[in-house]
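Asks: Before we start, here is the structure in question, set down as structure tokens.
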Amino acid sequence: MYQENANVISQEKVQGGYHVLTLRAPLMVSAVQPGQFVHVRVPHMEESLLRRPFSVYRAEGDQLRILYKGVGKGTRTMTFLQAGDTLDLIGPLGRGFPPLTVGRYPVLVAGGYGMAALYLLARQLPVKGVAFFGGRTAPDILCVPEFEALGWEVQVATEDGSLGESGRVTRLLDDWWATREPKADAVEAYACGPNGMLQAVAERAREHEWTAWVSVDRNMGCGVGACLTCVLKTHTPGGGWTWKRSCTEGPVFESREIVWEEETAPTS
Amino acid sequence: MYQENANVISQEKVQGGYHVLTLRAPLMVSAVQPGQFVHVRVPHMEESLLRRPFSVYRAEGDQLRILYKGVGKGTRTMTFLQAGDTLDLIGPLGRGFPPLTVGRYPVLVAGGYGMAALYLLARQLPVKGVAFFGGRTAPDILCVPEFEALGWEVQVATEDGSLGESGRVTRLLDDWWATREPKADAVEAYACGPNGMLQAVAERAREHEWTAWVSVDRNMGCGVGACLTCVLKTHTPGGGWTWKRSCTEGPVFESREIVWEEETAPTS
Amino acid sequence: MVDLSVTIGSLKLKTPVLVASGTFGYGPEYADLVDLNQLGAMVVKGIALEPTKGNPTPRTFETASGLLNAIGLPNPGVEGFIEQYLPFLRRYTVPVIVNIWGRSVEEYVAVARRLDAADGVHALEVNVSCPNIKEGSALFGTDLEAFKRVVAGVRAATKLPVIPKLAPNVSDVGAFARAAAETGADGISLINSLPAMAVNVETRRPELANVSGGLTGAAIHPFAVKLVWDAARAVDIPVIGIGGIASAREALEFIIVGASAVAVGTASFTHPPTALEVTAGIADYLERHQLPSVAALRGTLKTN
Amino acid sequence: MVDLSVTIGSLKLKTPVLVASGTFGYGPEYADLVDLNQLGAMVVKGIALEPTKGNPTPRTFETASGLLNAIGLPNPGVEGFIEQYLPFLRRYTVPVIVNIWGRSVEEYVAVARRLDAADGVHALEVNVSCPNIKEGSALFGTDLEAFKRVVAGVRAATKLPVIPKLAPNVSDVGAFARAAAETGADGISLINSLPAMAVNVETRRPELANVSGGLTGAAIHPFAVKLVWDAARAVDIPVIGIGGIASAREALEFIIVGASAVAVGTASFTHPPTALEVTAGIADYLERHQLPSVAALRGTLKTN
Ligand SMILES: Cc1cc2nc3c(=O)[nH]c(=O)nc-3n(C[C@H](O)[C@H](O)[C@H](O)COP(=O)(O)OP(=O)(O)OC[C@H]3O[C@@H](n4cnc5c(N)ncnc54)[C@H](O)[C@@H]3O)c2cc1C
Ligand SMILES: Cc1cc2nc3c(=O)[nH]c(=O)nc-3n(C[C@H](O)[C@H](O)[C@H](O)COP(=O)(O)OP(=O)(O)OC[C@H]3O[C@@H](n4cnc5c(N)ncnc54)[C@H](O)[C@@H]3O)c2cc1C
Ligand SMILES: Cc1cc2nc3c(=O)[nH]c(=O)nc-3n(C[C@H](O)[C@H](O)[C@H](O)COP(=O)(O)O)c2cc1C
Ligand SMILES: Cc1cc2nc3c(=O)[nH]c(=O)nc-3n(C[C@H](O)[C@H](O)[C@H](O)COP(=O)(O)O)c2cc1C
Ligand code: FES
Ligand code: FES
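Protein chains in written order, with my numbering: chain R, 1 to 268; chain U, 1001 to 1268; chain Z, 2001 to 2304; chain E, 3001 to 3304.
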């Protein structure tokens, strides 16, 4: 874990309100694992005391990228960053995605910035499987060519049918599973997206006995385990539950560990 | 009094850390009198609740100019304003300089932004007299060619002697007065600058029986007379004193009205 | 059209958005910029029996999202107010609430009695909580018995609606709210500014000539919401929520936790038409949420 | 070299800048980013007799220059703390102050007694002022008699320095400071977070699952300075000033009004090395002002 002043190399608008911020952040790049995040102090936001967490999208050379959308005060302020500006980062933070268990077939499921959050993993996994990307409408589907270039099959669903199949991404997942032979093949799923999507993946994992790693999005304070803002309910062996900190013990959890209930409802 | 969203036409650095901001502000221009000010809501300063007051430097066509220096949080933030930005103004505010009494000879004394604050007056006065400008060092002396172009004689003093006479501007004033004939000529002085300079002018005015109008610089809150932040002590006929609001009953006061004491010490 | 009206005792307000005492002068100051008749009520700066000069300068200081002030309640005295400002205010239809203060119960009573007889005063707000007065009247805001004496005294002295303004620096604001209601107050308002101070570390002097002052503005808003919630649950009389309102959102928070009306303070300095924009924002919100009236929104906080 | 050391009872601190309870975890969390040995002391998150889960989420919410929290004092219990965290902390030379809380005097006493016997604990900070616990312990912070009972109980249970942490929502903080001193406390710390709340107006639900919480950060700083000033004038024992410190300036304000030491809270979230930068800033200030020690600056506010 480092604190680093990163230089903004470029800020690019991509589709659907998303931006890609490219930073020179050698310390972050040197240590980042797939699924980890950086905690950003957004400049010129004097009234706001908290940092904002962003998954690492790409990390190459000394360059780090994050892909984000201007949804609130912090992220909208970030859209004004320009080449030459400086950004104070803490990271890499959190427990990312574990490596694929040998002999398993990897399945990725993503929505929103989750597509970016899975990219490093997709690049690193030794087996290239199938990726399911879902969104409301075509511009919400990001990074498809990049995943295909890595050798992944990408299946897309949009709720309005403007790209790929019409409907939820989990329908694609169900169809794929239904036609897949032999059933006995072990699947290891990795998911990042809205809470509803994660919960849907968790249900399938339970039903089909997959291992499923989900990256949750919880409001964060410190990002390092000190403030206990970002907790979510997890099962304990005896049938009880305990809070775990998604910033340090997560953001990636095995889906069966999570207590799925309204208390862990989506934050976005 | 209006509230107006002014467009920034340009922002220019001049010498000594001063900037000239040119705004399209037709309502302000339509009503402004010499010595009045505008109360500026500095954008992107979410943590700061108060506006900042600035004298009107020039007002031509629909363009308003203010000349200012980045001395603190608000003014430094203002230096980032660019053409196309919008600035929320309230004004014109305050009681400016009264017209010259017929038969009097006008003398201007200024330091700092005071040179700008006297420009509209200098242009409007029917008699062009002599202007004394003082500062610490050469770059602090502003607007001299502009005043000369209006037909004023400008005498300059800097404390380090880098421009004009070496020393305080009041020495120039004393020298001028000492050699001036006939002494009986009525002088009407107008001053804007640091409190010490105003007080020195007030002393001469009392001694030589000049009328002297001084524009004071007091911390302001509302700018319109509601909050009672900006008060200064003034004499009342019976030998007592009362607070007057420099935003509405000032910022220009006749120097004998002011109770000159440490309580009205300079704010800058 | 949604119904924005509010009733506090015999006082009828067309809208629930007032301007807070001490932040809008006596009326003329903002009249060029803001149509006073569109305000729920005009609450004038605190009036005492005799003219008062107030504190030395500096009187205000900016803090993080806040404003510190120690104005010291300068005012022209009750006679001065009646002569200099009431004629101006009578030209408007806006209800006038006079904020009053005193150094003793007798002074409060005398001011209340004099204003009761004046034409153009619609209610009295009783400032027991100003932290700036050294003469001891701050005690009226934090000592329950002294508080009751003041409220009872004012109550007996006037037929006008009486609205005690509660001090924020108490452990149990509900007790003061109940005491106000039991002593015959028609409503209560809160919060007044929060005792606070700032130091210039280079000079080692306080930033305010009065040493300490009161904190107001956005910084105190979450604290004010909690106190208004506590007070509103304690009594049935109307509550006026004050503290850090800069947009409709903050005003709606007060109403949702139980305030019948609100007052805009420091934000008028930043942006004079804030109170009117808040009013429009509340109307818009009620329409969007298909609520017939501001009263229908009051106290609808869901806590489970 | 200026002398930055501070003594609180038998506790010697090399620098006057601590990290505040609940904002720096138990030690390991920030150890990668901040050299713990350079802190004046490490004040750990509140410890109770039994493990506690804390409040449901959301637990924090950003406000104007402030942070609202209702974490609810989750902790591993005193035995869990001793097992899981003390061994880590013993590897450092930084003094460890354990913040303790309970639901009854007996619980406070039991925790204090257990920690008294533990190796590596250097002082106890007694949290009587956390607004987040519903079980009634908040009363320990605002009821003078209950407060004295807790402090006396803890005092009798340990030889470690005892530092009660005062509640900010009282009318007369000096009375609590005096009560602490009279009951044998070695120092006092203040302020804890200020009771506050925020409402999501679209859902009409509180932004915190616990409905209300505590306000911290820059927003409350001027309020904290006033309370520290009041408390420091009331007692001779050392005072630790807390609230809204983000740079040396705010820390110096506390020291000038009478604090012997300070603690950095919320600002560590924004910028983890804040406490160390504040320490450097104080040293620099003392040199610039030709003061030999931080003690020489303490209580030097000029009020005339
Ligand atoms: C581990 C992790 C990784 C993330 N990666 C990405 C990413 O790669 N790209 C991307 O676009 N977004 C990502 N997010 C979401 C992103 O952090 C939020 O969109 C962002 O914090 C919203 O900030 P805001 O100021 O714009 O929103 P606002 O809604 O204005 O924030 C208001 C308040 O809510 C809090 N808040 C709101 N949403 C979140 C949230 N999701 N997490 C934490 N705090 C929140 C803020 O701290 C603040 O206190 C990630 C979130 C997490 C937890
Ligand atoms: C009538 C009048 C006319 C002025 N005209 C000009 C001008 O033409 N050009 C120019 O450069 N400056 C002018 N000033 C001074 C200018 O207003 C201050 O320099 C400016 O307010 C400083 O703001 P800041 O945020 O940069 O400083 P900061 O020192 O960071 O401000 C901190 C706090 O001090 C207050 N404050 C500090 N100084 C002043 C002050 N002088 N007046 C009001 N509040 C203050 C601010 O409101 C704020 O609360 C004028 C002042 C007055 C009263
Ligand atoms: C400059 C100033 C002067 C004030 N004067 C008074 C007053 O005379 N009487 C009073 O009851 N409250 C007075 N107040 C308090 C306000 O009425 C209000 O309660 C407080 O400012 C909180 O609201 P805000 O956060 O919206 O400003 C004053 C506040 C300010 C900022
Ligand atoms: C997330 C959080 C958790 C806290 N937990 C505790 C605690 O366990 N015990 C305690 O006495 N104070 C606790 N506090 C209060 C702080 O120690 C401190 O008194 C307060 O935050 C004010 O300082 P600040 O403005 O610098 O944050 C907590 C504060 C925050 C923000
Ligand atoms: S964000 Fe602070 S503990 Fe996770
Ligand atoms: S600045 Fe408010 S009365 Fe002058």
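Ideal Cβ placement from N, Cα and C applies to all residues, glycine included.
No experiment lies behind these values; they were computed from the predicted model shown.
Under 7 Å between beta-carbons, which chain E residues line up against Ala2218(Z)? List them in chain order, please.
Replies: Here the neighbours are Ala3064.
Asks: Have a look at Leu3086(E) and Glu3125(E) and give me their C-alpha separation to the nearest angstrom.
Replies: For Leu3086(E) and Glu3125(E), the distance between alpha carbons rounds to 16 Å.
Asks: Confirm the yes/no value for this check: CB of Ala1226(U), any heavy atom of ligand 6, distance under 7 Å.
Replies: Yes, the beta carbon of Ala1226(U) sits closer than 7 Å to at least one heavy atom of ligand 6.
Asks: Between Ile2133(Z) and the rest of its own chain, which residues show a CB-CB distance below 8 Å, the 5 nearest in sequence each way excluded?
Replies: A caution first: Ile2133(Z) carries a pLDDT of 48, below 50, which makes its placement in the model unreliable, though a value can still be read off. Cβ within range, chain order: Gly2072, Leu2073, Trp2101, Arg2103.
Asks: Report yes if the C-beta of Thr1248(U) is less than 7 Å from at least one heavy atom of ligand 3; otherwise report no.
Replies: Flag unset: Cβ of Thr1248(U) not near ligand 3.
Asks: Does the structure place the segment 2191-2207 of chain Z close enough to the segment 2055-2069 of chain Z that three or more beta carbon pairs sit under 8 Å?
Replies: The segment 2055-2069 of chain Z vs the segment 2191-2207 of chain Z: in contact.
Asks: If you draw a straight line from the C-alpha of Val3043(E) to the C-alpha of Gly3265(E), how long is it?
Replies: Looking at the two C-alpha atoms, the distance is approximately 10 Å.
Asks: Assuming Ser3010(E) and Pro3164(E) are in contact, meaning their beta carbons sit under 8 Å apart, how far apart are those beta carbons, in whole angstroms?
Replies: Their Cβ separation, rounded to whole angstroms, is 17 Å, which puts Ser3010(E) and Pro3164(E) out of contact at 8 Å.
Asks: By the 8 Å beta-carbon criterion, what residues does the segment 2189-2215 of chain Z contribute toward chain E?
Replies: For the segment 2189-2215 of chain Z, which is checked against every Cβ of chain E, the residues closer than 8 Å are Leu2194, Pro2195, Ala2196, Met2197, Ala2198, Val2199, Val2201, Thr2203, Arg2204, Arg2205, Pro2206, Val2211, Ser2212, Leu2215.
Asks: Contact defined as beta carbons within less than 8 Å: I believe Ser2171(Z) pairs with Val3170(E). What is the distance between those atoms, to the nearest angstrom?
Replies: That belief holds up - the Cβ atoms of Ser2171(Z) and Val3170(E) are roughly 5 Å apart, short of 8 Å.
Asks: List, in chain order, every chain R residue whose beta-carbon is nearer than 8 Å to that of Ile3071(E).
Replies: What Ile3071(E) touches in chain R: Cys227, Leu228, Thr229.
Asks: State the start and end residues of the unbroken beta strand (DSSP E) segment that holds Leu1058(U).
Replies: Looking at the sequence itself, residue 1058(U) is Arg, so the reference to Leu does not match. Run containing Arg1058(U): 1058-1060, per the beta strand (DSSP E) assignment.
Asks: When you check each C-beta in the segment 1078-1091 of chain U against every C-beta of chain A, which residues fall closer than 9 Å?
Replies: The chain labelled as chain A is not found among the protein chains of the depicted structure, namely R, U, Z and E.
Asks: When we look at the beta-carbon of Arg2298(Z) and count the other beta-carbons within 10 Å, is it buried (16 or more) or exposed?
Replies: Classification for Arg2298(Z): buried.
Asks: Kindly list, in the order they appear in chain E, the residues whose Cβ is closer than 7 Å to that of Glu249(R).
Replies: Those do not exist, as Glu249(R) stays about 12 Å from chain E at its closest Cβ, beyond 7 Å.
Asks: Check whether the segment 1016-1024 of chain U and the segment 1057-1074 of chain U touch, using three or more Cβ-Cβ pairs below 8 Å as the test.
Replies: Counting Cβ pairs under 8 Å, three or more are found: they touch.
Asks: Compare the C-alpha of Pro126(R) against each of Thr137(R), Val107(R), Met115(R) and name the closest.
Replies: Considering only alpha carbons, the answer is Val107(R).
Asks: Looking at C-alpha atoms only, which residue of Val2111(Z), Ala2218(Z), Ala2179(Z) is the closest neighbour of Gly2077(Z)?
Replies: Among Val2111(Z), Ala2218(Z), Ala2179(Z), the Cα nearest to that of Gly2077(Z) is on Val2111(Z).
Asks: Taking its Cβ as the centre, do 16 or more other Cβ atoms sit within 10 Å of Glu2135(Z), making it buried, or is it exposed?
Replies: No answer about Glu2135(Z) holds up, because its pLDDT of 44 lies below 50 and its placement is not dependable.
Asks: Tell me Ala1157(U)'s beta-bridge partners as DSSP assigns them.
Replies: Answer is Gly1134(U), Glu1165(U), bridged to Ala1157(U).
Asks: Which residue comes first and which comes last in the beta strand (DSSP E) that contains Glu2125(Z)?
Replies: 2123-2127 is the extent of the beta strand (DSSP E) around Glu2125(Z).
Asks: Measure from the C-beta of Leu3252(E) to each C-beta in chain Z and report whether the shortest distance is under 8 Å.
Replies: Cβ-Cβ to chain Z under 8 Å: yes for Leu3252(E).
Asks: Would you tell me roughly how many angstroms separate the C-alpha atoms of Glu2948(E) and Gly3153(E), rounded to the nearest one?
Replies: A question about residue 2948(E) goes unanswered here, because the residues of chain E that appear run from 3001 up to 3304.
Asks: How big is the Cα-Cα spacing for Arg3249(E) and His2122(Z)?
Replies: In a straight line, the C-alpha of Arg3249(E) is about 47 Å away from that of His2122(Z).
Asks: If you follow the beta strand (DSSP E) that His19(R) is part of, which residue opens it and which one closes it?
Replies: Segment 18-24, the beta strand (DSSP E) holding His19(R).
Asks: With a threshold of 8 Å between beta carbons, is Trp3229(E) in contact with chain Z?
Replies: Trp3229(E) counts as touching chain Z.
Asks: May I ask you to list the residues that DSSP assigns as paired with Glu1188(U)?
Replies: Partner(s): Pro1106(U), Thr1211(U).
Asks: List the endpoints of the continuous beta strand (DSSP E) containing Gly989(U).
Replies: Chain U is shown only over 1001 to 1268; residue 989(U) falls outside these bounds and no answer can be derived.
Asks: Which ranges would you report for the alpha helix (DSSP H) in the segment 3187-3240 of chain E if only whole runs of at least 4 residues count?
Replies: Correct list: 3221-3234.
Asks: Using only alpha-carbon positions, find the residue among Glu3253(E), Ile3282(E), Arg3114(E) that is nearest to Asn2200(Z).
Replies: Minimum Cα distance to Asn2200(Z) is reached at Glu3253(E).
Asks: Using CA atoms only, rank isn't needed, just tell me which of Asn2037(Z), Gly2214(Z), Gln2084(Z) is closest to Ser2275(Z).
Replies: In the sequence on display, residue 2275(Z) carries Ala and not Ser. Comparing Cα positions, the closest option is Asn2037(Z).
Asks: Answer with buried or exposed for Ile1141(U), where buried requires no fewer than 16 other C-beta atoms within 10 angstroms of its C-beta.
Replies: By the neighbour-count rule (16 or more Cβ atoms within 10 Å), Ile1141(U) is buried.
Asks: Taking all protein chains shown into account, do 16 or more other C-beta atoms lie within 10 angstroms of the C-beta of Gly1035(U), making it buried, or fewer, making it exposed?
Replies: With 16 or more Cβ atoms within 10 Å of its Cβ, Gly1035(U) is classed as buried.
Asks: What residues in the segment 3047-3060 of chain E bring their beta carbon closer than 7 Å to a beta carbon of chain R?
Replies: Cβ contacts with chain R come from Lys3053, Gly3054, Pro3056, Thr3057, Pro3058, Arg3059, Thr3060.
Asks: Classify Asn5(R): buried if its beta carbon has 16 or more other beta carbons within 10 angstroms, exposed otherwise.
Replies: That one is exposed.
Asks: With distances taken from CA atoms, which of Met3197(E), Ile3047(E), Ser3005(E) is nearest Arg3113(E)?
Replies: Per the Cα distances, Ile3047(E).
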